[in-house]
Amino acid sequence: MRFSNIIAALTAIVATVSSVVAVPEASAVAELEHGIEARATKSLGVFYCVGAVWTTKCWHRVNLKAGTFYEVGPSYNDKILSFGPDKGTRCTLCINGDCSLGNGGGFSEVIHYPGIRDMNDWWGRFWDYDHSWSGVYVSQNFWNGRISGFLCYPE
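Quick note on my numbering: the sequence shown kicks off at 891 and runs consecutively.
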């Protein structure tokens, strides 16, 4: 008789547990249906200066949106000599406005933390309309006085 009571109790527990189903939130269901995995939002930031080796007038810009073009601002346009993404951020520099190859603009190779402390000494690769497939390694001082904007992404 005791054995049958134990079996009856276990059967009741199993029936109760199997009827409980976890239901994800509606937004999670939509993300899972499309194969999209939610990620935590990461704050992106950069630090740049008109003087080499992080001197003179500097600006630390934070809370940037990934893939958004940002102008450096009128008092920094074509004057930046130091540029560095924050940890966890990677950026591309732009010349002549918006990085567009069609308007005489161009862009740099990707820059990672801690960045370029002196643009006079950086020989980074550059893409423009004539070098849109493979880019071209530019000479010393090329980036000095040319930076007008940037795009950043998480690492």
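Idealized CB from N, CA, C, for every residue including glycine. These numbers come from a predicted model, not from an experiment.
Helix, strand or coil: which one does DSSP assign to residue i?
i     : result
N1031 : coil
N1010 : helix
V936  : strand
G963  : coil
G957  : coil
S917  : In this prediction, S917 scores a pLDDT of 40, lower than 50, which makes its location untrustworthy; no coordinate-derived value is stated.
By the 10 Å Cβ neighbour count, where 16 or more other Cβ atoms means buried, how is residue i classified, buried or exposed?
i     : result
W1012 : buried
T979  : buried
D968  : exposed
V952  : exposed
Output the distance between the C-alpha atoms of residue i and residue j, rounded to the nearest integer angstrom.
i     : j     : result
Y960  : W944  : 20 Å
L934  : A956  : 7 Å
G1005 : F973  : 6 Å
G987  : S998  : 13 Å
N1034 : T982  : 15 Å
C948  : Y1043 : 21 Å
G941  : Y966  : 10 Å
C984  : I1037 : 6 Å
P964  : E1045 : 28 Å
G1014 : F1032 : 9 Å
D976  : G996  : 23 Å
Would you mind reading off the limits of the beta strand (DSSP E) that contains residue i?
i     : result
N953  : 945 to 954
R980  : 979 to 985
C1042 : 1037 to 1044
G974  : 972 to 975
Bridge partners for residue i per DSSP, in chain order?
i     : result
P1004 : Looking at the DSSP assignment, P1004 forms no beta bridge with any residue, so it has no partner.
G996  : I985
Examine chain B for any beta-carbon lying closer than 9 Å to the beta-carbon of residue i, and answer yes or no.
i    : result
R951 : Included in the structure is just one protein chain, with no chain B present.
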